[in-house]
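For reference, the structure is listed below as structure tokens.
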Amino acid sequence: MSTLGRHIVVEYYDCPAEVLDDVVRIEKGMEQAALTAGATIINSSFHHFSPYGVSGVIVIQESHLAIHTWPEYGYAAVDIFTCGEPVDPWVCYQVLKEALEAGNGSAMELGRGQVQLLPHTPKQPLHASTIDDRIKEDPQYKRNIWFTERDDAIALSLRHKGDVLFREQSELQRVEVYDTYAYGKMLTLDGMVMTTEVDEYVYHEMITHVPMLVHPDPKRVLVIGGGDGGAVREILRHPGVEEVVMVEIDEVVIRASREHLPEIASALDHPKLSLKVEDGIQYVTNAPENSFDLVIVDSTDPVGPGEGLFSETFYMDVHRILKSDGIQVTQSESPRFNTKVMREIYDCYRRIFGQDKVFCYLINVPTYPSGTWSLSFSVKGDLHPLNNLDENRAAEFTQEHKLRYYNDQVHRAAFALPGFVQQLIGLDQRPYGSD
Ligand code: SPD
């Protein structure tokens with residue numbers, strides 16, 4: 400009995416988890432399967448999901464191939480649908496089985512659209528020959544591959560060029576660099592965006608110059624994390640700084656950044672920088688008290704190796720090692736994405752530094768989930784992030800270094816919190832002297 404299409408419903412078992420979690424490899428395997436079977440590729444779209452799993456489809460002139468993977472079960476479900484004699488779906492099945500390194504596979508063929516049972520009204524498709532000709536000359540094949548960071552309710556996707564520039568599973572985390580269309584090269588850790596070439600300056604200028612331009616004379620600065628080097632690059636623009644200590648736990652982050660993000664990592668060999676590859680928590684435990692003017696915690700999100708950097712004992716140590724007029728600045732997550740963590744850490748800072756010694760400011764980082772990101776500013780002494788800002792010094796510094804986000808007005812404005820953020824963390828931070 401003749402049918403319009405052949406549909407193979409495929410199960411692949413016992414595939415290595417890392418293969419099923421590798422969106423680029425899966426896209427290439429699917430593409431190879433289609434081409435080996437003689438199909439003409441029109442388009443493809445693949446997504447990697449956080450924390451794991453890949454979904455994708457390749458549209459072929461003869462119909463489509465679709466996949467969804469469950470790395471944690473070593474299992475992939477695939478549909479191969481072809482129309483027309485020359486493309487044999489069983490060829491796709493075999494090529495893909497090898498590409499996914501499947502231990503076992505099974506498949507069932509369904510004939511789709513039994514011609515004898517279907518009414519048929521022949522129609523000459525409009526411009527059929529034009530479309531066919533165009534596909535022959537220009538198959539319109541575009542790789543359409545997306546990186547996706549998401550929690551269970553919100554996702555951020557960035558389209559990238561398909562090949563992962565750097566991928567290494569360090570002892571602590573998966574370190575990757577992608578080349579995205581909209582934001583240039585992008586560093587991710589365990590599937591979470593850390594920085595991109597195009598918008599990195601927002602975060603790095605704001606996490607550094609806000610405290611550097613409030614403190615009257617910051618000489619010794621400690622950066623915990625920040626392995627990409629963006630924060631130290633900004634700190635070292637300030638000529639009065641005598642020493643920056645950067646403690647990054649993962650050497651692989653530094654290496655990936657040096658290799659692929661040289662602009663961001665440009666100050667990692669600066670003579671005033673003392674670069675330590677070790678656990679930041681241990682470092683602050685052992686550091687002498689009153690030893691830093693400024694401590695910046697440029698951490699990852701509070702999962703994996705970054706988790707300990709969100710604990711009370713760690714911040715008690717940071718408080719201890721700050722000088723009497725020292726400032727602590729941390730990345731404090733998103734008031735839209737990580738509300739629980741944010742509330743908890745501001746409570747924690749207030750317990751350690753004091754009720755009126757903790758401030759919050761907001762920045763806009765398009766490549767972080769929700770785009771709205773917060774930084775915390777806590778003082779050991781009496782410095783105030785607005786009252787102690789020397790506007791002339793800030794304006795001159797901005798001009799001299801041609802900063803792209805920070806300026807004295809943005810500095811002030813960043814501390815104006817929308818009502819929902821004030822309510823979330825229980826802060827109302829007006830300058831002294833205002834009502
Ligand atoms: N979700 C992103 C949290 C920001 C983490 N730090 C970024 C490192 C950039 N130096």
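With positions in the sequence shown counted from 1, the corresponding number in my numbering is that position plus 399.
All C-beta atoms in this analysis are idealised placements derived from N, C-alpha and C, irrespective of residue type, glycine included.
None of these values were measured; they are calculated from a predicted model.
- For V597, there is no enclosing beta strand (DSSP E), since its DSSP letter is neither H nor E.
- Contact between V576 and L586 is confirmed by a C-beta separation of about 6 Å, below the 8 Å threshold.
- For Q730, the uninterrupted beta strand (DSSP E) segment begins and ends at L721 to Q730.
- Between L672 and V631, the C-beta gap is smaller than 8 Å, which places the two residues in contact.
- Rounded to whole angstroms, the gap between the alpha carbons of Y767 and M429 is 30 Å.
- Distances from the CA of G679 to each of V778, V694 and D562 were compared; the closest alpha carbon is that of V694.
- Taking one beta carbon from each stretch, the segment 816-825 and the segment 799-807 have fewer than 3 pairs nearer than 8 Å; the two do not touch.
- Apart from the 5 residues on each side of it in sequence, E410 sits with its Cβ closer than 6 Å to the Cβ of S505 in its chain, given in chain order.
- A direct Cα-Cα distance of roughly 13 Å separates T594 from I653.
- In this structure, DSSP gives F448 a state outside helix and strand, which the three-state scheme calls coil.
- V757 sits close to S775, with the two beta carbons spaced by under 8 Å.
- When DSSP states are grouped into helix, strand and coil, V486 belongs to the coil group.
- Here the C-alpha atom of E662 lies approximately 32 Å from the C-alpha atom of N685.
- Cβ neighbours of A794 within its own chain (closer than 8 Å, five residues either side excluded): N806 and D807.
- I441 is the residue among I441, F709 and T402 whose C-alpha sits nearest the C-alpha of N543.
- Under the three-state reduction of DSSP, S656 is assigned to helix.
- With respect to S698, G624 sits close: the two C-beta atoms are nearer than 8 Å.
- Counting along the chain, Q515 sits inside no alpha helix (DSSP H), nor does DSSP assign it H or E at all.
- Pairing H519 with V418, the inter-Cα distance amounts to about 44 Å.
- Residue environment for R750: exposed (fewer than 16 other C-beta atoms within 10 angstroms of its C-beta).
- Under the DSSP assignment, Q568 falls in the beta strand (DSSP E) whose first and last residues are F565 to Q568.
- Out of Q493, D421, S444 and G770, the CA that lies nearest to the CA of T435 is found in Q493.
- Judged by DSSP in its simplified three-state form, N787 adopts coil rather than helix or strand.
- Looking at the DSSP output, K739 shares a beta bridge with no other residue.
- Beta-bridge annotation (DSSP): Y411 is paired with A475 and G504.
- Spatial neighbours of H406 in its own chain (CB-CB distance under 6 Å, excluding positions within 5 residues in sequence) are listed in chain order as F480, L509 and R511.
- With a threshold of 7 Å, the Cβ atom of A630 counts as near the ligand SPD, since some heavy atom of the ligand is closer than that.
- E711 and Y745 have their C-alpha atoms spaced approximately 11 Å apart.
- Beta bridge pairing from DSSP links S454 with H446 and H467.
- The residue among H637, L516, D420 and M741 with its C-alpha nearest the C-alpha of L403 is L516.
- Excluding the 5 residues flanking it on each side, H559 has same chain C-beta neighbours closer than 8 Å at I544, W545, F546, Y577, D578, T579, Y580 and M585, in chain order.
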